[in-house]
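Numbers 11 to 177, taken from our numbering, label the letters of the sequence shown in order.
The beta-carbon is built from N, C-alpha and C at its ideal position, and this holds for glycine as well.
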Amino acid sequence: MAAPTTIPSASPETFDVIANMPSAAKVKSDEGAVAFTKYFFEAAAQVLMKPSPGEILKLCEKDLKSCAVRDGGAREALSKKWHLSGPDVTLIEASIIDSKPIDNASIVSIALQGTEAYKASIEGRKLADFAEPVVFSFTVYLKYKRTGWLIQRIERPLGGGNSTRGH
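Right, dumping it as structure tokens:
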């Protein structure tokens, strides 16, 4: 008698923020701080494109509200079976504002353009608009620790855009 064949169940693909981090974002330098900041916003989109609860928190200091909000979005996307259709922002520019080598701390300014991304069902059907095609500016405070860069705080400067959309 032949053994019954089983088909493995499909598991949703997730995004591992550490495994996907570019090497430039791991360097303890001004350039590394800028690269990490750029990567953080790319990863923030990826955790909604491939719902990955808990992942964005690995790039942030504990209890950072903006990271908790994005992680909450990833948890909701997974439980309600939706995902982001594509990146919700594209990079315009990023640069170092200040660095304090003694404290291993840096401040980065970043400007992003919102995209036309939307919430989509797992079948790809549009559920709702998500992003706005406006420009966002943020001041990002980060610190280099034993494990690498971590986001400490994200602020919008005056006139820095219309929304943080979970960033």
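- Based on Cα-Cα distance, which residue from Leu152, Asp73 and Gly83 lies nearest to Val118? Leu152
- Task: For Asp73, name the three-state secondary structure that DSSP assigns.
- Result: coil
- Closest Cα partner of Phe146 within the set Glu133, Lys129, Ala104 and Arg85: Ala104
- Cβ of Glu71 less than 8 angstroms from any chain C Cβ? You won't find chain C in this structure, because it holds only one protein chain.
- Spatial neighbours of Leu94 in its chain, beta-carbon cut-off 8 angstroms, leaving aside the 5 residues before and after: Ala55, Leu58, Met59, Ala87, Ala127, Tyr128, Lys129, Ala130 and Phe140
- Message: Count Cβ pairs between the segment 104 to 114 and the segment 65 to 77 that sit closer than 8 angstroms; are there 3 or more?
- Response: no
- Task: Reducing DSSP to helix, strand and coil, say where Thr24 ends up.
- Result: coil
- Residues near Cys70 in its chain [Cβ-Cβ closer than 7 angstroms; skip 5 each side]: Cys77, Leu160 and Ile161
- Task: Quick one: using the 10 Å Cβ neighbour count with 16 as the cut-off for buried, is Glu65 buried or exposed?
- Result: buried
- Message: Taking DSSP's pairing of strands, which residues face Arg135 in a bridge?
- Response: Per DSSP, none; premise fails for Arg135.
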